Ligand SMILES: [Zn+2]
Ligand SMILES: [Zn+2]
């Protein structure tokens with residue numbers, strides 16, 4: 133989730149979700165959720181440190197972002213609700229998502245996956 137673009141306004145509902153999200157991101161609970169996510173990654177991929185889901189570069193757990201594919205379990209995210217991304221790659225993903233028509237919350241994981249696939253493909257073309 134990112135701040136609203138200049139000269140646009142958010143609905144009350146969206147602004148409220150934004151506040152809830154910001155509070156969770158700043159909480160000790162989120163730090164624990166990140167640690168749990170990393171432990172689960174290590175369990176699923178022994179000896180293979182996380183990589184950015186957009187560019188495939190090394191992902192530093194101390195500085196890397198975890199993107200929410202799905203906000204519906206905010207506070208109790210599952211492993212697959214979260215995607216490791218560099219900050220810059222994360223920004224690009226959200227720009228793509230903002231440009232598309234905003235999907236209903238139930239369709240957000242699919243929209244997010246499609247945007248991520250698009251990002252991966254355009255990146256690969258540029259190499
Ligand atoms: Zn990246
Ligand atoms: Zn995100």
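Numbering (this note's numbering), first residue to last: 133 to 259. We put the beta carbon where it would ideally sit given N, CA and C, even for glycine. What you are looking at is a predicted structure, and each value in this text was computed from that prediction instead of being measured.
From the DSSP output, in three-state form, read off residue i for me.
| i | result |
| --- | --- |
| residue 235 | coil |
| residue 172 | helix |
| residue 199 | strand |
| residue 190 | strand |
| residue 206 | coil |
| residue 253 | helix |
| residue 177 | coil |
| residue 245 | helix |
Round the Cβ separation of residue i and residue j to the nearest angstrom and send it over; I've been treating them as touching at under 8 Å.
| i | j | result |
| --- | --- | --- |
| residue 243 | residue 229 | 6 Å |
| residue 217 | residue 197 | 5 Å |
| residue 186 | residue 231 | Residue 186 to residue 231, Cβ: 16 Å. No contact. |
Go to residue i, then tell me how far its alpha helix (DSSP H) extends in each direction, as first and last residue.
| i | result |
| --- | --- |
| residue 183 | Where residue 183 is concerned, there is no enclosing alpha helix (DSSP H), given that its DSSP letter is neither H nor E. |
| residue 152 | 144-157 |
From which residue to which residue does the beta strand (DSSP E) around residue i run?
| i | result |
| --- | --- |
| residue 217 | 214-217 |
Problem set entry | Closer than 7 Å: residues whose CB approaches a heavy atom of ligand 1 | 184, 186, 187, 189, 217, 218, 220 and 221
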